[in-house]
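S.K.: Residue numbers (full-length UniProt numbering): 1 to 668. Let me give you the structure first, and then I'll get to my questions.
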DNA sequence: GAGCACTGC
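In structure tokens form, the structure reads like this:
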């Protein structure tokens with residue numbers, strides 16, 4: 001079938017897919033609820049020639065500007081569709097087929113699988129691009145895998161993405177900020193480039209809303225076409241996965257303590273169920289460590305049959321070597337139990353899992369645009385997530401999923417989908433990116449899901465105060481455009497630009513790098529004291545940022561710690577460094593309450609009550625004025641990464657901001 | 001004297 005239809009050529013319409021082996025694949029017209037076709041890959045393996053699936057894909061892509069693929073895990077859509085398109089000639093004439101993934105690791109592994117299947121070396125006909133790594137060759141690469149964020153960045157140079165004939169957006173149902181932005185922008189591009197084909201791969205639950213979003217003209221008319229006879233009505237093709245069935249078990253009554261319940265369920269599985277590893281979903285490190293401890297104690301009793309349990313924690317804060325333990329072969333006669341955060345839901349796949357225990361909760365970030373505070377809270381997961389978690393039990397053989405909530409709750413109360421990241425995040429980075437792409441009417445942008453207007457306004461306000469947007473909400477020259485080019489939080493970018501004139505770029509770049517990673521410290525259970533002592537060795541009076549700089553310098557000098565006598569040098573530079581930080585973070589200034597006994601500060605912007613986090617070197621030092629990098633909210637609002645400042649620097653850094661009573665109304 | 005779901009450019 002490699003000589004299949006050449007796109008754009010004039011030829012008779014292929015007939016509907018007629019399957020002589022029993023109608024496994026069919027194409028119905030007119031489509032019931034805009035759904036076409038159904039390909040069953042599992043059956044196909046035994047008795048359906050591969051070209052049936054290919055036929056359906058190519059037919060739909062040929063005649064529809066947008067195709068939505070509802071593909072379960074293991075359906076092979078990600079690896080097969082790009083190959084079909086290439087063979088059918090979609091990558092000819094110097095244009096490429098692009099396939100996005102939301103994660104770097106997925107990009108790499110999918111690309112190498114496809115290269116292997118096609119018998120080519122990666123970086124030639126099949127390539128990939130992720131940040132810091134470009135394995136493509138111009139003129140040679142035909143299928144290009146990339147993260148959605150990279151494709152967004154590419155739009156800054158080539159807004160219509162003219163290099164590509166087909167763009168496939170995989171895992172669109174995850175609704176990451178980048179994916180949502182990309183889909184909104186792709187819809188715009190389609191108006192200018194009607195020949196561009198989009199393939200959106202999504203879970204069942206999101207398919208209809210995706211379809212509605214891309215349905216552009218002549219609503220309610222399934223046969224709407226554009227001038228070229230191309231159907232503008234998106235088509236939906238569903239492809240079954242080859243995962244094994246997973247039996248779902250619910251609790252009879254709601255549980256009051258899901259941690260305890262998870263532990264009990266693991267013990268019960270070990271007692272009653274056949275061999276096979278267990279994966280438990282809890283919400284965070286603290287919970288996971290607690291559950292691990294309880295189970296390890298049970299397992300340490302050599303006389304009980306629980307000694308067969310091999311219990312391992314899994315979360316991103318673990319060191320790489322600890323994370324790798326979960327992939328080790330389960331010793332004979334043992335049952336591996338991995339207790340994990342959401343990292344095992346999408347990012348990491350454990351192959352031997354047969355039993356899943358689902359607490360029904362995960363930690364989720366919520367942003368309050370009014371207070372400008374991001375909260376990390378334990379919240380109920382969605383049905384989509386629950387399904388994904390359960391699916392983790394069916395990779396090896398038929399499995400079981402134990403849900404620690406009632407069926408009634410699942411059916412009646414659990415939300416179908418999670419809230420898109422777009423609607424619970426700070427939008428400063430997204431807004432500047434859209435502005436850089438020439439989208440001026442941000443509030444009128446056609447979002448798959450509109451973010452709260454308050455968040456949008458807050459983002460515009462912040463960018464205006466940073467001098468990145470002018471009074472007409474357009475990017476300023478050169479500052480605004482420079483900041484948009486730098487792939488960092490705009491406040492950090494502004495700091496970097498300011499460092500240039502203050503002559504401390506090297507130091508500020510180091511600090512920016514440290515601020516861009518989650519933490520430079522590795523968490524080791526029960527070794528908090530040691531870590532605190534090590535930190536003290538690097539502590540700088542100016543605050544955490546300069547302390548990070550010390551750490552980095554120490555790293556460069558690795559092994560020579562006793563000879564460090566940089567103190568004067570650091571003091572010399574500390575002032576200019578702090579001013580550069582302030583150029584970006586002036587709006588994060590806080591003042592110590594004069595009569596405060598407990599180190600209470602109030603933010604300058606909205607008099608929010610905040611405290612210095614105990615991990616800071618300035619904890620209990622309590623300088624009169626500080627600027628923080630971020631707020632972390634638990635029982636109190638804690639300032640993370642704090643430097644001491646002189647309040648006069650604030651006026652110097654942002655004279656408008658500190659005199660402005662109300663932000664300029666023109667930007668709304 | 002407290003705490004870090006997960007990604008990405």
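Glycine included, every Cβ here is placed at the ideal spot set by N, Cα and C.
Tell me which residues share the same chain as residue 152 and place their Cβ nearer than 8 Å to its Cβ, disregarding the 5 neighbours each side in the sequence.
M.R.: If we look at residue 152 and ignore the five residues flanking it on each side, its Cβ neighbours are 178, 181, 182, 185, 433.
S.K.: Here's the rule I'm using: 16 or more other beta-carbon atoms within 10 Å means buried, otherwise exposed. How should residue 282 be labelled?
M.R.: Classification of residue 282: buried, given that the 10 Å Cβ count is 16 or more.
S.K.: Hey, is the segment 385-395 in contact with the segment 323-333, meaning 3+ C-beta pairs nearer than 8 Å?
M.R.: No contact exists between the segment 385-395 and the segment 323-333.
S.K.: Quick check: residue 142 and residue 77, are their CB atoms within less than 7 Å of each other?
M.R.: Contact: no.
S.K.: Restricting to runs no shorter than 3 residues, where is the beta strand (DSSP E) found entirely within the segment 580-637?
M.R.: Runs found: 589-592, 600-603, 609-612, 625-633.
S.K.: Look at residue 60 and residue 88 and say whether their C-beta atoms are less than 7 Å apart.
M.R.: Not closer than 7 Å, so no.
S.K.: Going by DSSP, what residue range makes up the alpha helix (DSSP H) through residue 305?
M.R.: No alpha helix (DSSP H) holds residue 305; DSSP gives it neither H nor E.
S.K.: Measuring only the C-alpha atoms, how far is residue 287 from residue 259?
M.R.: Computed Cα separation, rounded: 7 Å.
S.K.: Is residue 378 close to the ligand GDP? I mean its beta-carbon at under 6 Å from any heavy atom of the ligand.
M.R.: No copy of the ligand GDP appears in this structure; indeed no ligand is present at all.
S.K.: Quick check: the Cα distance between residue 452 and residue 441, rounded to an integer number of angstroms?
M.R.: Taking the straight line from one Cα to the other gives about 15 Å.
S.K.: Looking at the structure shown, is residue 176 part of a helix, part of a strand, or coil, going by DSSP?
M.R.: Coil.
S.K.: When the Cβ atoms of the segment 185-195 are set against those of the segment 152-162, are three or more pairs found closer than 8 Å?
M.R.: The answer is yes - the segment 152-162 touches the segment 185-195, with three or more Cβ pairs under 8 Å.
S.K.: If you reduce the DSSP assignment to three classes, tell me which class residue 214 lands in.
M.R.: It is helical.
S.K.: Whole angstroms are fine: how far does the CA of residue 395 sit from the CA of residue 243?
M.R.: Each residue's alpha carbon lies about 6 Å from the other.
S.K.: Could you spell out where the alpha helix (DSSP H) holding residue 147 opens and where it closes?
M.R.: First-last for residue 147: 143-147, but that is the beta strand (DSSP E), not the alpha helix (DSSP H).
S.K.: Please determine, among 631, 640, 627, 455, the residue with the shortest C-alpha to C-alpha distance to residue 648.
M.R.: Nearest of 631, 640, 627, 455 to residue 648, Cα basis: 627.
S.K.: One question on the structure: do residue 280 and residue 326 come within less than 7 Å of each other, judged by their Cβ atoms?
M.R.: Not a contact, by the Cβ cut-off of 7 Å.
S.K.: In whole angstroms, give me the CA-to-CA distance for residue 26 and residue 487.
M.R.: Note that residue 26 scores 33 on pLDDT, short of 50, meaning its location in the model is unreliable; the coordinates nonetheless yield the value given after this. Cα to Cα, the separation comes out at about 46 Å.
S.K.: Taking the alpha carbon of residue 336 as the reference point, which residue from 602, 595, 266, 232 has its own alpha carbon closest?
M.R.: Measuring from the Cα of residue 336, the nearest candidate turns out to be 266.
S.K.: Going by C-alpha to C-alpha distance, which of 285, 642, 446 sits closest to residue 671?
M.R.: A question about residue 671 goes unanswered here, because the residues of the chain that appear run from 1 up to 668.
S.K.: Where do the ends of the beta strand (DSSP E) carrying residue 380 lie?
M.R.: 373-380 is the span of the beta strand (DSSP E), which, as asked, contains residue 380.
S.K.: From the DSSP output, read off the bridge partner residues of residue 248.
M.R.: Residue 248 is bridged to 401.
S.K.: Using CA atoms only, rank isn't needed, just tell me which of 168, 248, 504 is closest to residue 402.
M.R.: Of 168, 248, 504, the residue nearest in Cα terms is 248.
S.K.: Can you tell me where the beta strand (DSSP E) holding residue 135 begins and where it ends?
M.R.: From DSSP, the beta strand (DSSP E) with residue 135 extends over 133-135.
S.K.: Using only CA atoms, which one of 605, 621, 319, 165 lies nearest to residue 62?
M.R.: The candidate whose alpha carbon is nearest that of residue 62 is 165.
S.K.: Suppose you measure from the CA of residue 38 to the CA of residue 172; what does that come to, to the nearest Å?
M.R.: With a pLDDT of 39 at residue 38, under the threshold of 50, the modelled position of this residue cannot be trusted; read the value that follows with caution. Roughly 20 Å between the two C-alpha positions.
S.K.: Counting only the same chain and skipping the five closest in sequence on each side, list residues whose C-beta sits under 6 Å from that of residue 15.
M.R.: Only weak support exists for where residue 15 lies, its pLDDT of 26 falling under 50; the value from the coordinates is given anyway. The answer is none, since no qualifying residue turns up.
S.K.: State the start and end residues of the unbroken alpha helix (DSSP H) segment that holds residue 691.
M.R.: Because residue 691 is not part of the residues shown, which for the chain are 1 to 668, the question remains open.
S.K.: Report the rounded CA-to-CA distance for residue 533 versus residue 613, giving the unit in angstroms.
M.R.: Their Cα atoms are separated by approximately 16 Å.
S.K.: Grab me the residues of residue 551's own chain with a C-beta within less than 6 Å of its C-beta, minus the 5 sequence neighbours each way, in chain order.
M.R.: The answer, listed in chain order, is 538.
S.K.: Please return the same chain residues whose Cβ sits closer than 6 Å to the Cβ of residue 375, not counting the five positions on each side in sequence.
M.R.: So the list reads 366, 633, once near-sequence residues are dropped.
S.K.: Quick check on the DSSP output: the alpha helix (DSSP H) that includes residue 409 runs from which residue to which?
M.R.: That run of the alpha helix (DSSP H) goes 407-412.
S.K.: Can residue 360 and residue 405 be called in contact, C-beta distance under 7 Å?
M.R.: Result yes, Cβ atoms of residue 360 and residue 405 sit closer than 7 Å.
S.K.: Out of 197, 209, 110, which has the shortest C-alpha to C-alpha gap to residue 230?
M.R.: Nearest option by C-alpha distance: 197.
S.K.: When the Cα of residue 371 is compared with those of 457, 412, 437, 251, which residue comes out closest?
M.R.: Considering only alpha carbons, the answer is 457.
S.K.: Residues in the same chain with beta-carbon distance under 6 Å from residue 397, minus the five sequence neighbours each way, listed in chain order, please.
M.R.: Counting only Cβ-Cβ distances below 6 Å, and skipping sequence neighbours, we find 244.
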